[in-house]
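Chains as they are written, first to last, in our numbering: chain W, 1 to 325; chain F, 326 to 416.
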Amino acid sequence: MKCLVWDRKRLKKRFGEKGVKDTELLLDYMTRKGFSILQSEAEKIPEKLKKFEKPNDVFILLGGDDLIPFGRVKNPAYDGDEYVYTDNIYSSSDDDLLLPERIVARLPDGGDIEFLHLLIQKLGEDVDKKRSFGMSAKVWKLASREVFRVLNGRRLLLSPPVTYRDIELPSRHTFFYFNLHGSQDTPFWYGQEGDRYPVAITPKNLEEIEYGVVATEACYGAYIIGKKIEESMSLTFLERGVSVFIGSTTIAYGPFKPPSTEADLIVKLFFEEMLKGRPAGKAFNNARHKFFRTMIKTQGFLDEDDQKTLLQFVFLGDPFTRYRR
Amino acid sequence: MDRRDIERIARDEIIKDFPEFADVPPHIEEREMVVSDSTYEKARMKPRKPSKVWVAVFRKYFKTEDGQEIEKVIRATIDSKGKVIKITHSH
């Protein structure tokens, strides 16, 4: 079953009666395309999913944090985040949130109901022709090459020297990989060499993008709380036509050289699963389970940054998108 | 191993690659890393005993070229014998 999940009351508060009516019309249309609809107060969604679900169901949350709030989990790592914002409260079948079993995706709204409706209408688009774009902070080039290798990427752009002033993004590449710094206060992502942190890419650089699957390791790469479309790289990517965006809601971690761990590992495993032809939502879930097994086998335990990684990475966009050779 | 040994080990390891953290005092804790049985069950793995490790965290703020302040965090995870298991940093 593929199920669209929404909260009418919260949607009315944010977008008014017209927003609700237009959404209901669209959801009627989606039921004719084979989707089920679950309307519920957001706070009751985790409980309702338990009653509603069957194996291999896919749930799609409609809206950002104002419509269906992220879970707020106490940050296990000692850094500047008080909480980790997570969708694991919806994707876990119990209170143990670390390793969810359900496939849950989120279609954000970015304060624009038409944007949300566009994302709903686009559900089910596939990607083909494996062409890959990669960009990394120069300081992490060794670690990033280890991830980008999975995509057989030809050239990993490094920042510096590349910055938002001279970067050229391809319009119809399939996979986009970024390993840059991010911030919750600005939509920009940053490169690094020593003490130099240039602006590597901004939402304005995405004008040529039409399509694809994006995974980023940037801190706050998927932090969308209170953000309008143009204030967020993730929302702008989706608005430009990208089907899938994987990223972190908070400060993310990674190594500066191989082997891949934390954000590097989860992104690498996600790309591997996509290349096997799995639907993106399933690929993301498999990547989390493989992440857990890999870290337990190689390290014997999960430390706080591993735990944080499993909580903070969220899936924005279309869980049905598949890479077709 | 005590806190001072851990600080020395972590600092030696981190300063090699991140000299800009030489003046940063780390936050050091000994932690028991516990994973619940239900998580192991979801992963279809046999539960393992919790591990005790030391974690040294170095935090410092940097300015980007457009004037934003970003926090950079470097973590060293060290076992009870003083072996560095991994070094990670914030993105």
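Ideal Cβ placement from N, Cα and C applies to all residues, glycine included.
All figures in this text were calculated on a predicted structure; none of them were measured in a lab.
Are the C-beta atoms of residue 405 of chain F and some chain W residue less than 8 Å apart?
Look at residue 405 of chain F: its C-beta is not under 8 Å from any C-beta on chain W.
Whole-angstrom distance between residue 67 of chain W and residue 17 of chain W, CA atom to CA atom:
Distance between the alpha carbons of residue 17 of chain W and residue 67 of chain W: 15 Å.
Work out the CA separation of residue 195 of chain W and residue 347 of chain F for me, nearest whole Å.
Their Cα atoms are separated by approximately 13 Å.
Have a look at residue 293 of chain W and residue 15 of chain W and give me their C-alpha separation to the nearest angstrom.
C-alpha of residue 293 of chain W to C-alpha of residue 15 of chain W: approximately 43 Å in a straight line.
Does the stretch 374-391 of chain F come close enough to the stretch 273-284 of chain W that 3 or more CB-CB pairs lie under 8 Å?
These segments do not touch.
In whole angstroms, give me the CA-to-CA distance for residue 182 of chain W and residue 142 of chain W.
Between residue 182 of chain W and residue 142 of chain W, the alpha-carbon positions lie close to 19 Å from each other.
Residue 3 of chain W and residue 60 of chain W closer than 8 Å at C-beta
Cβ distance < 8 Å, so residue 3 of chain W and residue 60 of chain W count as in contact.
Do residue 109 of chain W and residue 71 of chain W have their CB atoms nearer than 8 Å?
Not closer than 8 Å, so no.
Using a cut-off of 7 Å between C-beta atoms, extract the partners of residue 232 of chain W located in chain F.
Neighbours of residue 232 of chain W on chain F: none; closest Cβ ~15 Å, over 7 Å.
Per DSSP, cross-strand counterpart(s) of residue 197 of chain W
None, per the DSSP bridge assignment.
From the beta carbon of residue 342 of chain F, is the nearest beta carbon of chain W less than 8 Å away?
Closer than 8 Å to some Cβ of chain W, the Cβ of residue 342 of chain F qualifies, so yes.
Could you round the C-beta distance between residue 387 of chain F and residue 197 of chain W to whole angstroms and report it? I think they count as a contact, below 8 Å.
A Cβ-Cβ separation of about 6 Å places residue 387 of chain F in contact with residue 197 of chain W under the 8 Å criterion.
Leaving out the 5 sequence neighbours to the left and right, which residues in its chain are closer than 6 Å to residue 97 of chain W when beta-carbon positions are compared?
Cβ neighbours of residue 97 of chain W beyond the five flanking positions: 88.
Pull up the distance between the alpha-carbon of residue 47 of chain W and that of residue 156 of chain W, whole angstroms please.
Approximately 44 Å, taken between the alpha carbons.
For the 8 Å Cβ check, are there 3 or more pairs between the stretch 130-145 of chain W and the stretch 160-179 of chain W?
Between the stretch 130-145 of chain W and the stretch 160-179 of chain W, the count of Cβ pairs shorter than 8 Å is three or higher; the stretches touch.
Leaving out five residues on either side along the sequence, give the residues of the same chain with a beta carbon under 8 Å from the beta carbon of residue 69 of chain W.
Excluding five sequence positions before and after residue 69 of chain W, the CB atoms of its chain that fall closer than 8 Å to its own CB belong to 42, given in chain order.
Interface residues of chain W around residue 358 of chain F at Cβ under 7 Å?
Ordered by position in chain W, the residues that pass the 7 Å Cβ test against residue 358 of chain F are 301, 302, 303.
From W/201, W/151, W/187, pick the residue whose C-alpha is nearest to that of residue 159 of chain W; which is it?
Cα-wise, what sits closest to residue 159 of chain W is W/201.
Do the stretch 145-153 of chain W and the stretch 226-241 of chain W meet, that is, are 3 or more Cβ pairs less than 8 Å apart?
Look at the beta carbons and you see the stretch 145-153 of chain W not touching the stretch 226-241 of chain W: under three pairs across the two are nearer than 8 Å.
In its own chain, which residues sit with a C-beta less than 6 Å from the C-beta of residue 164 of chain W, not counting the 5 before and 5 after it?
The residues are 199, 201, 202, 205.
What's the call for residue 121 of chain W, buried or exposed, on a 16-neighbour Cβ count within 10 Å?
Around the Cβ of residue 121 of chain W, a 10 Å sphere holds fewer than 16 other Cβ atoms; the residue is exposed.
Which chain W residues sit within Cβ distance under 7 Å of residue 410 of chain F?
Chain W residues near residue 410 of chain F: 299.
Does the stretch 293-305 of chain W touch the stretch 239-250 of chain W, meaning 3 or more C-beta pairs lie closer than 8 Å?
No, the stretch 239-250 of chain W does not touch the stretch 293-305 of chain W.
Would you say residue 101 of chain W reaches chain F, if we count a Cβ-Cβ gap shorter than 8 Å as a contact?
At a cut-off of 8 Å between beta-carbon atoms, residue 101 of chain W makes contact with chain F.
Where the beta strand (DSSP E) containing residue 39 of chain W begins and where it ends
Its beta strand (DSSP E) spans residues 36-39.
Are the stretch 363-373 of chain F and the stretch 337-352 of chain F in contact at 8 Å, needing three or more beta carbon pairs?
No, the stretch 363-373 of chain F is not in contact with the stretch 337-352 of chain F.
Going by C-alpha distance, which of W/192, W/99, W/304 is nearest residue 390 of chain F?
For residue 390 of chain F, the closest C-alpha among the options W/192, W/99, W/304 is that of W/192.
Coarse secondary structure for residue 305 of chain W, derived from DSSP in three states:
In this structure, residue 305 of chain W counts as helix in the three-state DSSP scheme.
DSSP state of residue 377 of chain F mapped onto helix, strand, coil
Residue 377 of chain F falls in the strand class under three-state DSSP.
Would you kindly work out how many angstroms separate the C-alpha atoms of residue 170 of chain W and residue 250 of chain W, rounded to a whole number?
Between residue 170 of chain W and residue 250 of chain W, the C-alpha separation is close to 28 Å.
Excluding five sequence neighbours on each side, which residues of the same chain lie with their C-beta closer than 8 Å to the C-beta of residue 80 of chain W?
For residue 80 of chain W, where only same-chain residues beyond five positions count, the Cβ hits under 8 Å are 251.
Within 8 Å, do at least three Cβ pairs link the stretch 252-265 of chain W to the stretch 327-340 of chain F?
Touching, no, given that fewer than three Cβ pairs across the two stretches are closer than 8 Å.
Among F/365, F/410, F/359, F/384, which one has its Cα closest to the Cα of residue 351 of chain F?
Minimum Cα distance to residue 351 of chain F is reached at F/384.
Taking C-beta pairs closer than 8 Å, name the residues in chain W that residue 383 of chain F reaches, listed in chain order.
Within chain W, no residue comes near residue 383 of chain F; the closest Cβ sits about 10 Å away, beyond 8 Å.
If we ignore side chains and look at the alpha-carbon of each, how far apart do residue 255 of chain W and residue 218 of chain W end up?
Near 13 Å, if we compare the C-alpha coordinates of residue 218 of chain W and residue 255 of chain W.
Indicate the three-state DSSP secondary structure (helix, strand or coil) for residue 144 of chain W in the structure shown.
In this structure, residue 144 of chain W counts as helix in the three-state DSSP scheme.
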